[in-house]
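All remarks here apply to the structure that follows.
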Amino acid sequence: MHTAALDAAAAPVTQLKGVGPRMAERLARLDLHTVQDVLFHLPLRYQDRTRVAPIATLRPGDQAVVQGEVRAAQVRFGRRRMLLVRIQDGSALLTLRFFHFSAAQQANLARGVTVRCYGEVRAGVAGLEMIHPEYRRVAPDQEAPVEERLTPIYPATEGLSQPALRALAGESLRFGGGPAHSLVEWLPPVVRAELALPSLAEAVALLHGPPPDVSVQALEEGRHPAQQRLAFEELLAQHLSLRALRDRVERLTAPAFGAPGEVTRAFLAGLPFALTGAQRRVIDELARDLARAVPMHRLVQGDVGSGKTVVAAAALARAVDAGWQGALMAPTELLAEQHARNLRAWFEPLGVPVAWLAGRARARERQAALAALAEGAAPLAVGTHALFQEEVAFARLGLVVIDEQHRFGVHQRLALREKGAREGLHPHQLIMTATPIPRTLAMTAYADLEVSVIDELPPGRTPVETVVVPDARREDVVARVREACAAGRQAYWVCTLIEESDALQAQAAEATAALLTEALPELRVGLVHGRLKSADKEAVMARFKQGALDLLVATTVIEVGVDVPNASLMIIENAERLGLAQLHQLRGRVGRGAAASACVLMYHGPLSALARERLSTLRETNDGFAIAQRDLELRGPGEVLGTRQTGMLQLRIARLERDQALLERVPAVAERLRTEYPAHVPPLVRRWVPGAVYAGV
Ligand code: ADP
Ligand code: MG
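Count along the sequence shown starting at 1, add 69, and that's the number in my numbering.
Next up, the structure:
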């Protein structure tokens with residue numbers, strides 16, 4: 070049975086009755102290639118056409134089938150020509166309104182005729198009505214049959230009608246002798262019983278044609294056990310695919326870094342502060358990983374300002390001591406530049422050169438860096454993803470650190486590992502993120518990684534006081550900037566625009582900088598935006614960092630990682646336009662020194678309910694984890710993890726925000742499958758994660 074079933078899963082759609090090459094082409098537009106794809110192409114919503122509703126029971130917003138006799142039909146000539154038909158079913162009257170109609174249609178809807186209609190009920194001027202309902206004539210007394218099942222409405226495309234998709238789903242369910250054959254059950258019965266979930270075949274069959282007693286609302290909210298079954302299996306498969314990835318990494322060989330040497334000792338001894346307990350703990354965790362001849366694969370989570378850079382640098386120092394190269398990659402040029410400055414300040418006095426590679430590096434500088442890396446003359450490299458382009462070769466890459474991981478996806482992570490692989494040795498990988506991921510989500514999204522958490526901020530930080538003010542009070546805000554700077558502190562003024570265009574953002578920031586320069590003549594005002602040349606941007610940032618500028622006007626380019634401890638005031642204009650995570654990141658630019666810091670979220674009213682919720686969340690808490698949890702609820706995990714850009718964890722059916730409860734059960738079930746039913750794992754993963762890097766063990 071299993072062989073036949075596997076064939077069915079892989080069978081091309083053309084094996085279905087009635088599917089020729091043209092139909093197959095249209096199906097391909099919906100990414101439906103196999104019979105199994107069609108089975109998993111689930112309805113978006115459902116219509117209940119299983120009962121004829123008495124007109125008197127209808128309420129606006131209902132979608133219903135009604136049947137009645139035409140009492141009046143007339144064409145009304147007003148601003149728009151329309152056909153008005155009044156039907157009566159013995160309980161009440163209902164108006165059918167048509168703006169587009171043919172003479173034949175008009176004749177068909179003559180007085181005395183009985184029609185059955187399906188449509189959405191609205192409150193019209195003269196009682197309830199349906200606009201352009203579907204309708205057909207029926208014999209007056211005969212009980213014309215209604216649908217036996219809820220009517221599925223599928224995501225469709227041109228040339229593929231709903232009836233065609235319904236017929237196709239039916240064919241797929243019958244294919245190979247029925248759903249049990251097409252949809253092999255990989256969840257053991259004990260597991261299904263524990264979770265109270267139906268079999269996969271039952272679930273899929275139900276969703277393509279639910280019986281009339283199933284609640285349309287439950288289905289549309291994704292709460293029906295049949296949907297939960299599919300969502301669970303999908304989450305499980307995702308988790309298993311990442312676990313398999315981890316197993317694979319465990320079988321690779323990496324250079325084992327020996328005991329800490331001179332570079333590590335001198336680096337730590339030279340730090341101007343004592344490490345926090347959390348930093349020390351995480352550095353130890355990393356050291357243990359790095360001492361093994363298996364590639365480290367670890368995520369370090371730490372809220373903004375928790376001091377991740379030093380932790381990364383400590384790991385890089387170990388690489389250098391062991392005679393290997395280390396690379397630090399950041400998602401933006403600005404951040405990479407800052408890392409380069411930090412690493413150079415820490416390592417160059419110790420005689421360890423740091424190479425710099427980014428998109429905008431000058432040709433000569435770039436050639437020199439490439440040569441130094443290829444020859445091994447540069448033990449350390451910092452850059453953007455330019456670090457991992459084709460022509461970059463490392464002599465002995467032993468450790469890759471990726472900062473602000475949420476901008477990179479699983480596949481990019483793997484590409485990096487491959488990049489560094491040489492003579493059977495794979496580099497260690499350390500990933501750092503300031504986006505705290507709620508635990509349940511981390512277990513699935515990062516099942517291929519070990520996780521360390523820096524859960525302590527360096528001492529002496531005072532929480533940032535956050536206020537929310539309408540932009541009508543701009544003058545007060547300007548006065549606040551004046552006061553802070555007069556007291557010797559510095560401030561950021563962040564301009565936001567919805568437009569993604571760098572040019573428009575730059576313009577807005579320029580205009581704001583001009584206005585502020587005028588309003589605050591005693592202050593030294595700088596400006597950074599994405600259109601500036603890298604060197605100019607760096608120069609402005611450097612002056613701000615040195616205290617040669619009081620106020621820095623910026624676009625959101627300064628979002629990640631920028632570090633100026635003397636800055637104690639952050640103004641964010643049009644804060645209502647940004648997401649929680651981004652606002653939290655921006656706010657994290659202040660509160661890095663001992664001075665009390667503040668963040669002013671200026672908004673342009675009126676606020677949407679969601680925006681209001683976001684702003685008050687920020688006012689109430691500084692805790693990155695609490696904010697991440699709230700963000701997950703408000704926006705959904707796609708946004709939280711940055712999957713939109715990275716293509717990581719693309720889910721067909723499961724919705725992480727909705728299916729949190731399922732998510733909690735996933736790790737234990739996954740473990741059970743791996744130990745007790747290992748043969749079930751590869752086909753399960755293949756069913757849901759066809760593009761998985763992991764193609765079966
Ligand atoms: P993030 O985790 O956001 O990347 P950074 O690594 O940029 O944080 O560190 C933020 C600031 O805190 C930097 O100025 C850094 O030098 C400082 N810092 C890091 N660790 C400590 C510590 N243990 N004590 C005091 N300051 C620290
Ligand atoms: Mg950082």
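Just so you know, even glycine gets a beta-carbon here, dropped at the ideal spot from N, CA and C.
Is it the case that the Cβ atoms of Thr-220 and Leu-99 are separated by a distance below 7 Å?
Between Thr-220 and Leu-99, the gap from beta carbon to beta carbon reaches 7 Å or more.
Beta carbon of Arg-377: closer than 6 Å to some heavy atom of the ligand MG?
First, the residue type needs correcting, since residue 377 is Lys and not Arg in the sequence shown. Result yes, Cβ under 6 Å from the ligand MG.
Looking at Phe-244 and the ligand ADP, is the gap between the Cβ and the nearest heavy atom below 6 Å?
No, since every heavy atom of the ligand ADP falls outside the 6 Å radius drawn around the Cβ of Phe-244.
Would you verify that the beta carbon of Val-194 is, or is not, closer than 7 Å to some beta carbon of chain C?
Among the chains of the structure shown, chain C does not appear; only one protein chain is present.
Ordered along the chain, which non-local residues of its own chain (more than five positions away) have a Cβ less than 8 Å from that of Val-538?
Answer for Val-538: Asp-545, Val-546, Val-669, Leu-670, Met-671 and Tyr-672, listed in chain order.
Near Ala-588, what residues of its chain come up, given a Cβ to Cβ distance below 7 Å and the 5 sequence neighbours on each side ignored?
Its chain contains Val-547 as the residues whose beta carbon lies nearer than 7 Å to that of Ala-588, once the 5 sequence neighbours on both sides are disregarded; these appear in chain order.
If I follow the unbroken beta strand (DSSP E) through Val-501, where does it start and stop?
Residue identity differs from the one stated: residue 501 is Met in this sequence, not Val. First-last of the beta strand (DSSP E) with Met-501: 497 to 502.
With Val-451 as the anchor, note down where its beta strand (DSSP E) starts and where it stops.
If you look at Val-451, you'll find it in the beta strand (DSSP E) that goes 449 to 452.
Under the three-state DSSP convention, the category Asp-545 falls into
The answer is helix: DSSP assigns Asp-545 an H, G or I state.
Would the stretch 326 to 342 count as touching the stretch 450 to 466 if we require 3 or more Cβ pairs under 8 Å?
Verdict: no, contact absent.
Ala-399 and Ala-405 closer than 7 Å at C-beta
Between Ala-399 and Ala-405, the C-beta gap is smaller than 7 Å, which places the two residues in contact.
Taking the alpha helix (DSSP H) that Trp-393 belongs to, which residues open and close that run?
Segment: none, Trp-393 is in no alpha helix (DSSP H) and carries neither H nor E.
Is Phe-694 near the ligand NAD, with its Cβ less than 6 Å from a heavy atom?
Although the ligand NAD was asked about, the structure shown includes only the ligand ADP and the ligand MG as ligands.
To the nearest whole angstrom, what separates the beta carbons of Ser-666 and Thr-565, a pair I think is in contact under 8 Å?
Their Cβ separation, rounded to whole angstroms, is 20 Å, which puts Ser-666 and Thr-565 out of contact at 8 Å.
What's the gap between the Cα of Gly-239 and the Cα of Ile-124?
CA-to-CA, the gap between Gly-239 and Ile-124 works out to about 32 Å.
Which complete beta strand (DSSP E) runs does the stretch 645 to 690 hold, if anything under 3 residues is left out?
Fully enclosed beta strand (DSSP E) runs of 3 or longer: 667 to 672.
Which residue or residues does DSSP assign as beta-bridge partners of Gly-188?
Gly-188 pairs with Ala-133.
What is the DSSP secondary structure of Val-469, reduced to helix, strand or coil?
DSSP places Val-469 in strand when its eight states are reduced to three.
Taking only three categories from DSSP, how would you classify Arg-334?
Helix.
Return the residue from the list Glu-745, Gly-467 and Ala-582 that minimises the CA-CA distance to His-598.
Of the candidates Glu-745, Gly-467 and Ala-582, the one whose C-alpha sits nearest the C-alpha of His-598 is Ala-582.
Rounded to whole angstroms, what is the Cα-Cα separation between Arg-658 and Ile-696?
Rounded to whole angstroms, Arg-658 and Ile-696 show a C-alpha spacing of 16 Å.
At a cut-off of 6 Å, would you count Thr-345 as near the ligand ADP, judging by its Cβ distance to the nearest heavy atom?
Yes - the ligand ADP has a heavy atom lying nearer than 6 Å to the Cβ of Thr-345.
I'd like to confirm the pairing. Which residues does DSSP put opposite Tyr-204 in its beta bridges?
Secondary-structure assignment with DSSP links Tyr-204 through a beta bridge to Cys-186.
Can you tell which of Pro-280, Arg-166, Arg-491 and Ile-523 has its C-alpha closest to the C-alpha of Val-144?
Each of Pro-280, Arg-166, Arg-491 and Ile-523 was checked against the Cα of Val-144, and the nearest Cα belongs to Arg-166.
By DSSP, does Met-610 sit in helix, in strand, or in coil?
DSSP places Met-610 in helix when its eight states are reduced to three.
Glu-189 and Thr-119 - do their beta-carbons sit closer together than 7 Å?
For Thr-119 and Glu-189, no; Cβs fall outside 7 Å.
Run the CB neighbour count on Asp-353, radius 10 Å, all protein chains shown included, and call it buried at 16 or more, exposed below.
By the neighbour-count rule (16 or more Cβ atoms within 10 Å), Asp-353 is not buried but exposed.
Do Gln-436 and Val-469 come within 7 Å of each other at the CB atom, strictly closer than that value?
No; because the gap between Cβ atoms is not below 7 Å, this pair is not in contact.
Can you give the Cα-Cα distance for Thr-453 and Leu-403, rounded to whole angstroms?
Answer to the nearest angstrom: the Cα atoms are 9 Å apart.
Between which two residues does the beta strand (DSSP E) carrying Arg-166 extend?
It spans 162 to 167 - the beta strand (DSSP E) in which Arg-166 sits, taken as one unbroken run.
Please classify Gln-574: is it buried, with 16 or more other beta-carbons within 10 angstroms of its beta-carbon, or exposed?
Gln-574 should be labelled buried.
Out of Phe-170, Gly-374, Arg-361 and Asp-158, state which residue places its alpha-carbon closest to the alpha-carbon of Arg-150.
That would be Phe-170, whose Cα lies nearest to the Cα of Arg-150.
Using the beta-carbon count (16 or more within 10 Å), is Asp-106 buried or exposed?
With 16 or more other CB atoms across the displayed protein chains lying within 10 angstroms of its CB, Asp-106 is buried.
At a threshold of 6 Å, does Phe-342 count as lining the ligand ADP (C-beta to nearest heavy atom)?
Within the cutoff, so yes.
If you measure between the beta carbons of Arg-95 and Leu-229, is that distance less than 7 Å?
It is a contact, given that the beta carbons lie within the stated cut-off.
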